[in-house]
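K.L.:
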Amino acid sequence: MKRIAVFTSGGDAPGMNACIRAVVRGAVYHGIEVFGIRRGYSGMINGDIFQMSSHSVSNIVQRGGTILKSARSKEFMTPEGRAKAFEQLKKFDIEGLVAIGGNGTFTGATLFYDEYGIPTVGAPGTIDNDLYGTDYTIGFDTAVNTALEAIDKIRDTADSHDRIFFIEVMGRDSGYIAIQSGIAGGAEMVMVPEVLTPISEVVEALKSGWSRQKSSSIVVIAEGEEEGNAVEISEKIRQQVQTEIDMRVTTLGHIQRGGIPTAYDRILASRLGLGALEGLMNGEKNVMAGIVNNELVYTPFRDTIRLPKPISEDLLRMVKILSV
Numbered sequence: 055m056k057r058i059a060v061f062t063s064g065g066d067a068p069g070m071n072a073c074i075r076a077v078v079r080g081a082v083y084h085g086i087e088v089f090g091i092r093r094g095y096s097g098m099i100n101g102d103i104f105q106m107s108s109h110s111v112s113n114i115v116q117r118g119g120t121i122l123k124s125a126r127s128k129e130f131m132t133p134e135g136r137a138k139a140f141e142q143l144k145k146f147d148i149e150g151l152v153a154i155g156g157n158g159t160f161t162g163a164t165l166f167y168d169e170y171g172i173p174t175v176g177a178p179g180t181i182d183n184d185l186y187g188t189d190y191t192i193g194f195d196t197a198v199n200t201a202l203e204a205i206d207k208i209r210d211t212a213d214s215h216d217r218i219f220f221i222e223v224m225g226r227d228s229g230y231i232a233i234q235s236g237i238a239g240g241a242e243m244v245m246v247p248e249v250l251t252p253i254s255e256v257v258e259a260l261k262s263g264w265s266r267q268k269s270s271s272i273v274v275i276a277e278g279e280e281e282g283n284a285v286e287i288s289e290k291i292r293q294q295v296q297t298e299i300d301m302r303v304t305t306l307g308h309i310q311r312g313g314i315p316t317a318y319d320r321i322l323a324s325r326l327g328l329g330a331l332e333g334l335m336n337g338e339k340n341v342m343a344g345i346v347n348n349e350l351v352y353t354p355f356r357d358t359i360r361l362p363k364p365i366s367e368d369l370l371r372m373v374k375i376l377s378v
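Position 264 of the sequence shown, counting from 1, maps to 318 under this note's numbering, and the rest follow consecutively.
1. Over the uninterrupted beta strand (DSSP E) stretch that includes G64, give me the two end residues.
2. Buried or exposed for S254, please, with buried defined as at least 16 other CB atoms from any protein chain shown within 10 angstroms of its CB.
3. Would you kindly check if the distance between the Cβ of T191 and the Cβ of T180 is under 7 angstroms?
4. Skipping 5 residues on each side, what residues in its chain have a beta carbon closer than 8 angstroms to that of S110?
5. Excluding the 5 residues preceding and the 5 following F140 in the sequence, name in chain order all residues of the same chain whose CB lies nearer than 8 angstroms to its CB.
6. For the alpha helix (DSSP H) holding P362, just list the boundary residues, first then last.
7. Can you grab the Cα-Cα spacing for the pair V373 / T305, in whole Å?
8. What whole-angstrom Cβ distance do T62 and G193 have, given they're in contact under 8 angstroms?
9. Go to R320, then tell me how far its alpha helix (DSSP H) extends in each direction, as first and last residue.
10. So, for A323: in the same chain, excluding its five sequence neighbours on each side, which residues have a beta-carbon less than 6 angstroms away from its beta-carbon?
11. Using a Cβ-Cβ cut-off of 8 angstroms (strictly less than) and excluding sequence neighbours within five positions of Q142, which residues of its own chain qualify?
12. With respect to the alpha helix (DSSP H) encompassing Q105, which residues constitute its N-terminal and C-terminal limits?
13. Given a cut-off of 7 angstroms, decide if E279 and P315 are closer than it, judged by their beta-carbon atoms.
14. Taking 7 angstroms as the cut-off, decide whether the C-beta atoms of V244 and V152 are in contact.
15. Which of the three DSSP states, helix, strand or coil, is assigned to T129?
16. Can you tell me which of A284, M335 and V223 puts its alpha carbon nearest to the alpha carbon of V198?
17. For G327, which residues from the same chain have a beta carbon less than 6 angstroms from its beta carbon, with the 5 sequence-adjacent residues on both sides left out?
18. Which residue marks the beginning of the beta strand (DSSP E) containing Y352, and which one marks its end?
19. Is V257 near I233, with beta carbons less than 7 angstroms apart?
20. Pick from I309, W264, V249 and I299: whose alpha carbon is nearest that of E281?
21. With the cut-off set at 7 angstroms, would you say R92 and K123 are in Cβ contact?
22. Grouping DSSP H, G and I as helix and E and B as strand, with all else coil, what is S271?
23. Put E281 into one of helix, strand or coil per three-state DSSP.
24. Closer than 7 angstroms by C-beta to A66: which residues in its own chain qualify, once you throw out the five before and the five after it? Chain order, please.
25. At the level of alpha carbons, what is the spacing between T251 and I237?
26. Alpha carbon to alpha carbon, how far is M106 from A259?
27. Roughly how many whole angstroms lie between the Cα atoms of D386 and H84?
28. Is it right to say S216 is buried, meaning 16 or more other beta carbons lie within 10 angstroms of its own, or is it exposed?
29. Go ahead and label D195 buried or exposed: buried means 16 or more other beta carbons lie within 10 angstroms of its beta carbon, across all protein chains shown.
30. Residue range of the beta strand (DSSP E) that G150 falls in?
31. Residues in the same chain with beta-carbon distance under 8 angstroms from D300, minus the five sequence neighbours each way, listed in chain order, please.
32. Can you say whether I375 is buried or exposed, counting buried as having 16 or more other CB atoms within 10 angstroms of its CB?
33. Beta-carbon separation of D189 and I345 under 7 angstroms?
34. Can you list the beta strand (DSSP E) stretches of 3 or more residues lying completely in the stretch 203-249, in chain order?
35. Just confirm the distance between the C-beta atoms of P354 and V341, as a whole number of angstroms; I'd bet it's less than 8 angstroms.
Spelled out as structure tokens, the structure:
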């Protein structure tokens with residue numbers, strides 16, 4: 055393989071730049087020409103492709119976001135869109151791809167290979183940590199620490215005013231950010247999409263705290279929680295609880311996607327970027343590079359897309375025990 059390209063797709067995640075850097079510098083080290091594709095599959099369709107060098111990725115390891123930009127492309131999910139993308143790659147004689155992204159990115163890569171035979175190795179770039187085949191995804195650790203910093207600050211004001219705060223974090227289908235930031239932040243309750251948590255159970259936990267003279271409480275809620283978002287849940291609880299305690303809602307939103315990546319995310323992204331590149335060089339295709347038990351592994355895209363990644367029962371159990 056003499057020419058490869060790298061791109062980022064889907065939601066951005068802190069550490070993507072460190073991953074791009076590892077792919078580019080790894081390619082230079084191995085004597086492979088490397089190209090960057092701006093704005094993911096959309097840029098591939100439009101021919102927004104340029105050659106990269108070691109200098110192209112200088113001073114980016116510490117930057118959040120992605121220098122290659124990111125986008126979601128509905129056009130690529132059509133046969134006509136993929137045909138355009140293939141023609142653009144042919145112009146540059148690109149033989150393989152490193153895709154940094156999540157489920158949608160890998161679904162597109164699978165379809166692309168089935169139709170045109172372009173091999174792709176993925177690196178898991180998503181703050182949600184919801185991809186089967188890796189213990190942690192690029193950006194997750196930074197997102198948890200961003201959420202935790204906010205929870206710690208909200209705890210101060212909750213304690214000062216004897217308030218209950220409902221804090222909504224990202225996680226449409228995954229509660230990993232909620233459970234880890236909730237445990238680290240000492241939350242009284244954590245609500246995640248993977249486990250049904252009735253409103254009555256939250257009310258009982260809050261009342262138990264009040265009986266022990268707790269004057270403030272934190273409830274961390276993943277945005278995909280079945281009972282609703284943080285505003286809806288706070289209203290349901292307000293209707294069931296007759297109390298003078300003030301209730302407030304904070305939605306952290308996209309602040310969790312940005313910021314300087316942690317040391318852990320920089321190292322993880324570098325391992326996965328180099329692992330994806332070298333996997334491609336060694337004939338791997340339609341697989342995601344991941345770290346499981348601190349070892350580099352390759353998991354077929356179809357498994358990363360199809361198989362669930364459940365939250366550890368130990369973590370869920372810890373929330374109940376440590377809030378007593």
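Beta carbons: idealized from backbone N, C-alpha and C, even for Gly.
P.N.:
Reading it off the structure:
1. The residue you call residue 64 lines up with position 10 of the sequence shown. It is not in any beta strand (DSSP E) - G64 carries neither H nor E in the DSSP assignment.
2. Sequence index remark: in the sequence shown, residue 254 carries index 200 (1-based). Counting every other CB atom within 10 Å of its CB across the protein chains shown gives S254 a total below 16, marking it as exposed.
3. Position 126 of the sequence shown, counted from the start, is the residue given in the question as residue 180. Position 137 of the sequence shown, counted from the start, is the residue given in the question as residue 191. Result yes, Cβ atoms of T180 and T191 sit closer than 7 angstroms.
4. Position 56 of the sequence shown holds residue 110. Result list for S110: V78 and G90, in chain order.
5. To locate residue 140, count along the sequence shown from 1; it is residue 86. Same-chain partners within the cutoff: F166, E169, Y170 and I172.
6. By 1-based counting over the sequence shown, the position of residue 362 is 308. Where P362 is concerned, there is no enclosing alpha helix (DSSP H), given that its DSSP letter is neither H nor E.
7. The residue given as residue 373 occupies position 319 in the sequence shown. The residue given as residue 305 occupies position 251 in the sequence shown. The alpha-carbon atoms of V373 and T305 are separated by roughly 21 angstroms.
8. Position 8 of the sequence shown, counting from 1, holds the residue named residue 62. Position 139 of the sequence shown, counting from 1, holds the residue named residue 193. Actually they are not in contact, since the Cβ atoms of T62 and G193 sit about 11 angstroms apart, beyond 8 angstroms.
9. Mapped onto the sequence shown, residue 320 falls at position 266. R320 -> alpha helix (DSSP H) spans A317 to M335.
10. As a working mapping, residue 323 is identified with position 269 in the sequence shown. Excluding residues within five positions, the ones whose Cβ falls inside 6 angstroms are G69, A72, C73 and I192.
11. Counted from its first residue, the sequence shown places residue 142 at position 88. Hits under 8 angstroms: M98, I99, N100, G101 and I103.
12. Working through the sequence shown from its first residue, we reach residue 105 at position 51. Here Q105 belongs to no alpha helix (DSSP H); instead the beta strand (DSSP E) covers I103 to M106.
13. By one-based count along the sequence shown, residue 315 stands at place 261. By one-based count along the sequence shown, residue 279 stands at place 225. No, they are not a contact pair.
14. Position 190 of the sequence shown, counting from 1, holds the residue named residue 244. Position 98 of the sequence shown, counting from 1, holds the residue named residue 152. No. Outside cutoff.
15. Translated into the one-based positions of the sequence shown, residue 129 becomes position 75. In the sequence as presented, Thr is not what sits at residue 129; that position holds Glu. Correct three-state label for E129: helix.
16. Numbered from 1 along the sequence shown, position 144 holds the residue referred to as residue 198. The shortest C-alpha separation from V198 is found at V223.
17. By 1-based counting over the sequence shown, the position of residue 327 is 273. Answer for G327: C73, A76, V77 and A177, listed in chain order.
18. Taking the first residue of the sequence shown as position 1, residue 352 is located at position 298. Taken as a continuous stretch (DSSP letters only), the beta strand (DSSP E) holding Y352 covers E349 to P354.
19. For the purposes of this step, residue 257 is taken as residue 203 along the sequence shown, with counting starting at 1. For the purposes of this step, residue 233 is taken as residue 179 along the sequence shown, with counting starting at 1. Taking 7 angstroms as the Cβ cut-off, V257 and I233 do not qualify as a contacting pair.
20. For this step, residue 281 is matched to residue 227 along the sequence shown. Here the closest residue by C-alpha is V249.
21. Walking along the sequence shown from the start, residue 92 turns up at place 38. Walking along the sequence shown from the start, residue 123 turns up at place 69. Their beta carbons are under 7 angstroms apart, which means R92 touches K123 by this criterion.
22. Locating residue 271 in the sequence shown gives position 217, counting from the first residue. Here S271 sits in strand by DSSP.
23. Numbered from 1 along the sequence shown, position 227 holds the residue referred to as residue 281. Note: E281 maps to coil in three-state DSSP.
24. Start at 1 with the first residue of the sequence shown, and residue 66 comes out as number 12. For the record, residue 66 in the displayed sequence is Asp; it is not Ala. Hits under 7 angstroms: G119, T120, S124 and R311.
25. Position 197 of the sequence shown holds residue 251. Position 183 of the sequence shown holds residue 237. If I take the Cα positions, the gap works out to 16 angstroms.
26. In the sequence shown, residue 106 corresponds to position 52, counting from 1. In the sequence shown, residue 259 corresponds to position 205, counting from 1. Distance between the alpha carbons of M106 and A259: 55 angstroms.
27. With the chain covering 55 to 378 only, the question about residue 386 has no answer from this structure.
28. Position 162 of the sequence shown, counting from 1, holds the residue named residue 216. Inspection of the sequence shows that residue 216 is occupied by Asp rather than by Ser. Burial call: exposed.
29. Taking the first residue of the sequence shown as 1, we reach residue 195 at position 141. Classification of D195: buried, given that the 10 Å Cβ count is 16 or more.
30. Position 96 of the sequence shown, counted from the start, is the residue given in the question as residue 150. Here the beta strand (DSSP E) through G150 covers G150 to G155.
31. One-based indexing of the sequence shown puts residue 300 at position 246. Around D300: H215, D216, R217 and I218.
32. As a first step, residue 375 must be located in the sequence shown, where it is residue number 321. Exposed.
33. What you label residue 189 is simply residue 135 of the sequence shown in a count that begins at 1. What you label residue 345 is simply residue 291 of the sequence shown in a count that begins at 1. Yes, Cβ-Cβ distance for D189 and I345 is below 7 angstroms.
34. Qualifying beta strand (DSSP E) stretches, in chain order: 217-223 and 243-245.
35. Here residue 354 refers to the residue found at position 300 when the sequence shown is read from its first residue. Here residue 341 refers to the residue found at position 287 when the sequence shown is read from its first residue. Your pair P354 and V341 checks out as a contact, with CB atoms roughly 6 angstroms apart and the cut at 8 angstroms.
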